[in-house]
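Note sheet for the following structure.
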Amino acid sequence: MRRKLVFATNNQHKLKEVSAILGDEIGIMSLEDINCYADIPETADTLEGNALLKAEFVHNNYNIDCFSDDTGLEVEALDGAPGVYSARNAEANMLKLLHELEHVKNRKAQFRTVIILIMNNEKYVFEGIIRGEIVMDKRGISGFGYDPIFIPEGYDQTFAELGDNIKNEISHRAQAVNKLCKFLKSVQ
Ligand code: IMP
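FYI, my numbering numbers position 133 of the sequence shown as 513, with every residue one higher than the one before it.
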């Protein structure tokens, strides 16, 4: 049976990435698909907190099974910043980050995704982490957000150079979504 649930986002990049991973068996609807145009608050100070705010908003207002994700880029030399504050204006933030790290040797960073699923009134948490490092200058055009400045461990190209196929196999979001997918298939 094809299970339908809402992914609490209107970010087309995320929808594409997550749909590709979930495959045909698990169809997802976006916020637009359920006519939700609200500006859902993301005011928590952790990724888990923000993901919960989004999932609860949809669940409480639309009474439908849903999941949400929140992702942050956590830079070691910046004590995990920008983290939950990896705001939407990625271009400006990317340049700011490169500037902050201009003379910093430790380039280690990780993307971390937290997914909260609310299904049959139960809450479930899934996490995905990919470690890597921040380059000196942005490279590549695919993906979105901070992809042009992040090289995943074991590679020498940025996510934006590696392209969607490789990113979808290894990324933070892919790892969290794979856990979600495995869980959804186990309860079908
Ligand atoms: P969100 O709160 O999960 O939407 O993520 C906040 C910001 O983090 C986004 O607007 C992007 O700038 C950045 N971000 C999230 N996921 C990714 C990713 O997979 N690659 C690069 N940047 C990302």
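A virtual CB, placed ideally from N, CA and C, is assigned to each residue, including glycine. As the structure is a computational prediction, the values presented were derived from the model and not from experiment.
What is the residue span of the beta strand (DSSP E) that L510 lies within?
Going by the sequence as given, residue 510 is Ile instead of Leu. Unbroken beta strand (DSSP E) run through I510: E502 to I514.
Just the C-alpha distance for M381 and I514, rounded to the nearest angstrom, thanks.
In this prediction, M381 scores a pLDDT of 47, lower than 50, which makes its location untrustworthy; no coordinate-derived value is stated.
In this structure, how does DSSP classify R553 when only helix, strand and coil are distinguished?
Reduced to three states, the DSSP call for R553 is helix.
Assign S448 to buried or exposed, taking buried as 16 or more other Cβ atoms, counted over all protein chains shown, within 10 Å of its Cβ.
Result: buried.
Can you pull the DSSP bridge partners for L453?
Per DSSP, G463 and F491.
Within 10 angstroms of its Cβ, does P421 collect 16 or more other Cβ (buried), or is it exposed?
By the neighbour-count rule (16 or more Cβ atoms within 10 Å), P421 is not buried but exposed.
Counting only runs that start and end within the segment 387-419, where is the beta strand (DSSP E) found for 3 or more residues in a row?
You should have 406-409.
Within a Cβ cutoff of 6 angstroms, which residues of the same chain sit near Q555, ignoring the five residues on either side of it in sequence?
G508, listed in sequence order.
What residues match up with P532 in a beta bridge as DSSP calls it?
Bridge partners of P532: G512.
For S566, does the three-state DSSP call read helix, strand or coil?
In the structure shown, S566 sits in a helix (DSSP, three-state: H, G or I).
How is the alpha helix (DSSP H) around Y526 delimited, first residue to last?
Element bounds for Y526: n/a, residue is neither H nor E.
Considering only heavy atoms of ligand 1, does any lie closer than 7 angstroms to the CB of F524?
Yes, the Cβ of F524 comes within 7 angstroms of a heavy atom of ligand 1.
Where does L560 fall in DSSP's three states?
In this structure, L560 counts as helix in the three-state DSSP scheme.
Can you tell me the Cα-Cα spacing of N391 and Y526, whole angstroms?
Near 15 angstroms, if we compare the C-alpha coordinates of Y526 and N391.
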